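Under the working numbering, the sequence shown has 396 at position 415, and the numbering climbs by one with no breaks.
Okay, structure first, notes after.
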Amino acid sequence: MKYANWKVPERGAEIPPALLAAGCTPLLAAILHLRGLSEPEAAREFLRGGAETLTNPLALTGMVDAVQRLSRAVATGEHVAVYGDYDVDGITAACLLADYLRSRGLVCELYIPDRIREGYGLNNAAIDTLAAKGVSLIVTVDCGVTNLEETAYAAQRGVDMIVTDHHECREALPEAEAVVDPKQPDGNGVGTALAGVGVAFKLVCAMDGDAGRMLRRYGDLVAVGTVADVMPLLGENRFITRCGLQKIAEGDCRPGFLALAEEAGVRDKPFTAATVGFSLAPRINAAGRLGEPGLAVQLLEETDLRRARALAAELCDKNRERQSLETAIWHEAVEMLGGERPDAPIVLAAERWHPGVIGIVASRLTDAYSVPAVMICLDGETGKGSCRSTGSFNLFEALSACTDCLEGFGGHAMAAGVTVRRGCVDELRQRLREYYLSHPDRTAPALEADLLVDSPELLSMACVESLDELEPCGNGNPRPLLYMKDVYLDSVQPIGGGKHLRLKLSKFAQTYDGVFFSQTAPTLGARAGQKCDIVFVPQINDFHGRRSVQLVITDLRRAAER
């Protein structure tokens, strides 16, 4: 059992007759009802909402000023730069805006900082580099809203700044020509769910005046960046992402996305938000994690499919290198824990760890041990760390209580970065332990299922197929998790070299195929012939033309344990 805390419904599904009459299957109707969409019109608006969901880009605070300054740059032929971030959101945003500005006749530099040498956000050395090239205007995407000093430095160099971002702001904003961030203190609340690439998209829509044309041109970039940055797939994000994913699925997209999908082996499979999250985004991110974000930029800017395929192969090699580094650090971290199951935050430090990968390992540690994790890469007398939390534990508040043993930190409740002196690592570990144990009101991560399956009808082929109408699924609109109790576990078979399990399950006098990823038989918690409860996502498995319902198991427990 992966989760100690299960929150599951004990009563069967409520299925609104009005939704059935409108053509919904019983399963889809039940899920829509649970999400507050019990009336056919509301359900239709959610499932098939179109261009009417798009907000007016000029309604974003600061957008009018940004458009005026950029329009002046276009009119006078200024040398401009787009300054992004090294993750998928930042890279897609930078490629989108740079492409648009070039299409307007501007000479446009595209600058992505090196994660390892420069770190996140603006830096003065980069501003110097761009100023030396004759850049008179820098437009940031997915960064910049907290770079007050760097913006002031740019002004001293005679370089104007437009900041577009979507991150949390300080009380003071950069003194730029314009600041477009939906979360700024004096904002009007428009666009707060947008990714960095979403804000960049709104800027080009405001410049161009035709949102439909911009969506046809840039929908693939906006969809990939929005999904990769785990933004809510509701409202206009849902519509934009649906359009962008459809462009990629139909091949009407940038050659780089086609080539990457081919190289990842997902080109001929249904293309969903999960495809982006699990197949495309990690490969694009790998370039930034290993200090080569330019490779991802090249891929997304390439117009020739043959050359794009070569770049995609190189990017996949980088991802395999990232996976190898991650695996090595993971094994070392587990060994350092000495087989003990920690009861307080994990704080580990070493010299050899790659700073671009330790955040992923910290996430894996929190998943495996259900406690926060801090992984620190030491270099000389200081170390830089990535921190992840779990459950309801507020990591930012915990680090705030340890500021006297930190050189610096930043982040939010669930993730943060720290700088700590080598001699203070042990103290940080002890202080976080004391803070964690003194806050017993924290909750452990819980597994929450949406619906109790109390009828075989809910798992019919038609019902499971109908869940595709909920796509794109992700943050704010997750793929439904279903719950079945008292299921017979008929057989357990290791697959994938022993990394995963194939299960045979019986319920309602029917047999179901199940697959449980990243699970082994010894740790399953149940044996063949026993009765169990399962939480799962149903999907259609199409194998050699044979279609069947398959249950992708999220967790399993002995029936007697509830």
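Cβ atoms here follow ideal geometry from the backbone N, Cα and C, with glycine treated the same way.
Treat the numbers as computed from the prediction; the structure is a model and nothing was measured.
Where the alpha helix (DSSP H) through residue i begins and ends
{"i": "Trp(-13)", "result": "From DSSP, Trp(-13) is part of no alpha helix (DSSP H) but of the beta strand (DSSP E) over -14 to -12."}
{"i": "Ile577", "result": "No information on residue 577 is available, as it lies outside the stretch -18 to 543 that the chain covers here."}
{"i": "Ile521", "result": "From DSSP, Ile521 is part of no alpha helix (DSSP H) but of the beta strand (DSSP E) over 512 to 524."}
{"i": "Gly206", "result": "192 to 209"}
{"i": "Cys76", "result": "69 to 84"}
{"i": "Val406", "result": "406 to 418"}
{"i": "Ala277", "result": "274 to 282"}
{"i": "Asp298", "result": "286 to 318"}
{"i": "Asp385", "result": "Counting along the chain, Asp385 falls outside any alpha helix (DSSP H), and DSSP gives it neither H nor E."}
{"i": "Asp580", "result": "The structure shown has nothing for residue 580, since the chain only spans -18 to 543."}
{"i": "Met(-18)", "result": "Taken as a continuous stretch (DSSP letters only), Met(-18) belongs to no alpha helix (DSSP H), as it is neither H nor E."}
{"i": "Val247", "result": "Run containing Val247: none; DSSP gives neither H nor E here."}
Other residues of its chain near residue i: CB distance less than 6 Å, five sequence neighbours each side excluded
{"i": "Ala(-6)", "result": "Ala11, Leu432"}
{"i": "Ser344", "result": "Arg369"}
{"i": "Thr253", "result": "Glu452"}
{"i": "Tyr493", "result": "Leu486, Leu532"}
{"i": "Val(-11)", "result": "Ala430, Tyr464"}
{"i": "Val355", "result": "Val328, Gly366, Cys368"}
Exposure of residue i, with buried meaning 16 or more beta-carbon neighbours within 10 Å
{"i": "Asp80", "result": "buried"}
{"i": "Gly86", "result": "exposed"}
{"i": "His14", "result": "buried"}
{"i": "Met195", "result": "buried"}
{"i": "Pro519", "result": "buried"}
{"i": "Gln500", "result": "buried"}
{"i": "Asp523", "result": "exposed"}
{"i": "Glu273", "result": "buried"}
{"i": "Lys(-17)", "result": "buried"}
{"i": "Phe517", "result": "buried"}
{"i": "Pro421", "result": "exposed"}
{"i": "Asp191", "result": "exposed"}
{"i": "Val72", "result": "Per the sequence shown, the amino acid found at residue 72 is Ile instead of Val. Classification of Ile72: buried, given that the 10 Å Cβ count is 16 or more."}
{"i": "Glu131", "result": "buried"}
{"i": "Ala507", "result": "buried"}
{"i": "Gln165", "result": "buried"}
{"i": "Thr256", "result": "buried"}
{"i": "Ile357", "result": "buried"}
{"i": "Phe259", "result": "exposed"}
{"i": "Ala56", "result": "exposed"}
{"i": "Met317", "result": "exposed"}
{"i": "Ser367", "result": "buried"}
{"i": "Thr504", "result": "exposed"}
{"i": "Met465", "result": "buried"}
{"i": "Pro163", "result": "buried"}
{"i": "Ile108", "result": "buried"}
{"i": "Pro437", "result": "exposed"}
{"i": "Gly510", "result": "exposed"}
Extent of the continuous beta strand (DSSP E) run through residue i
{"i": "Leu376", "result": "Taken as a continuous stretch (DSSP letters only), Leu376 belongs to no beta strand (DSSP E), being part of the alpha helix (DSSP H) at 376 to 381."}
{"i": "Phe489", "result": "From DSSP, Phe489 is part of no beta strand (DSSP E); its letter is neither H nor E."}
{"i": "Leu474", "result": "It should be noted that the sequence gives Gln, not Leu, for residue 474. Run containing Gln474: 463 to 476, per the beta strand (DSSP E) assignment."}
{"i": "Val63", "result": "60 to 64"}
{"i": "Lys365", "result": "363 to 369"}
{"i": "Glu156", "result": "Careful: Glu156 lies outside any beta strand (DSSP E) and carries neither H nor E."}
{"i": "Tyr350", "result": "Counting along the chain, Tyr350 falls outside any beta strand (DSSP E), though it belongs to the alpha helix (DSSP H) covering 339 to 350."}
{"i": "Ser529", "result": "527 to 539"}
{"i": "Arg402", "result": "396 to 402"}
{"i": "Met212", "result": "Segment: none, Met212 is in no beta strand (DSSP E) and carries neither H nor E."}
{"i": "Asp167", "result": "Asp167 -> no beta strand (DSSP E), and no H or E assigned at all."}
{"i": "Ile143", "result": "141 to 145"}
Same chain only: Cβ atoms within 8 Å of residue i, ignoring 5 sequence neighbours per side
{"i": "Tyr417", "result": "Ala325, Pro326, Val352, Pro353, Phe374, Ala379, Arg423"}
{"i": "Ala(-1)", "result": "Ser19, Glu20, Pro21"}
{"i": "Leu276", "result": "Ala268, Leu292, Glu295, Leu296, Lys299"}
{"i": "Arg412", "result": "Ala382, Cys383, Cys386"}
{"i": "Asp68", "result": "Asp123, Ala209, Asp210, Asn266, Gly269"}
Contacts around residue i, its chain only, beta-carbon distance under 7 Å, and the 5 residues preceding and following it disregarded
{"i": "Thr371", "result": "Thr347, Ser351, Val352, Pro353, Pro426"}
{"i": "Glu307", "result": "Val338, Ile341, Val342"}
{"i": "Gly193", "result": "Ala32"}
{"i": "Lys228", "result": "Gly200, Asp201, Cys234"}
{"i": "Trp311", "result": "Val342, Arg345"}
Should the region 106 to 124 be called in touch with the region 142 to 158, which here means at least 3 C-beta pairs below 8 Å? yes
So, does the region 231 to 239 touch the region 287 to 299, judging by three or more C-beta pairs under 8 Å? Per the Cβ contact rule, the region 231 to 239 is in contact with the region 287 to 299 (3 or more Cβ pairs under 8 Å).
Three or more beta-carbon pairs under 8 Å between the region 392 to 404 and the region 361 to 378, yes or no? yes
Please list the segments of the alpha helix (DSSP H) lying wholly inside the region 109 to 139, counting only runs of 4 or more residues, in order along the chain. 129 to 137
Would the region 36 to 56 and the region 176 to 191 be scored as touching if the rule is three or more Cβ pairs under 8 Å? yes
With three or more beta-carbon pairs closer than 8 Å as the criterion, would you say the region 452 to 462 touches the region 207 to 223? In the pairwise beta carbon analysis, the region 452 to 462 is classified as touching the region 207 to 223: at least three pairs are separated by under 8 Å.
Which runs of the alpha helix (DSSP H) at least 4 residues long sit entirely within the region 3 to 34? Give them in chain order. Whole alpha helix (DSSP H) segments, 4+ residues: 7 to 15, 21 to 29.
Quick check: the region 87 to 99 against the region 59 to 76, are there 3 or more CB pairs under 8 Å? yes
Are there three or more Cβ pairs, one per stretch, closer than 8 Å when the region 46 to 57 is compared with the region 463 to 474? no
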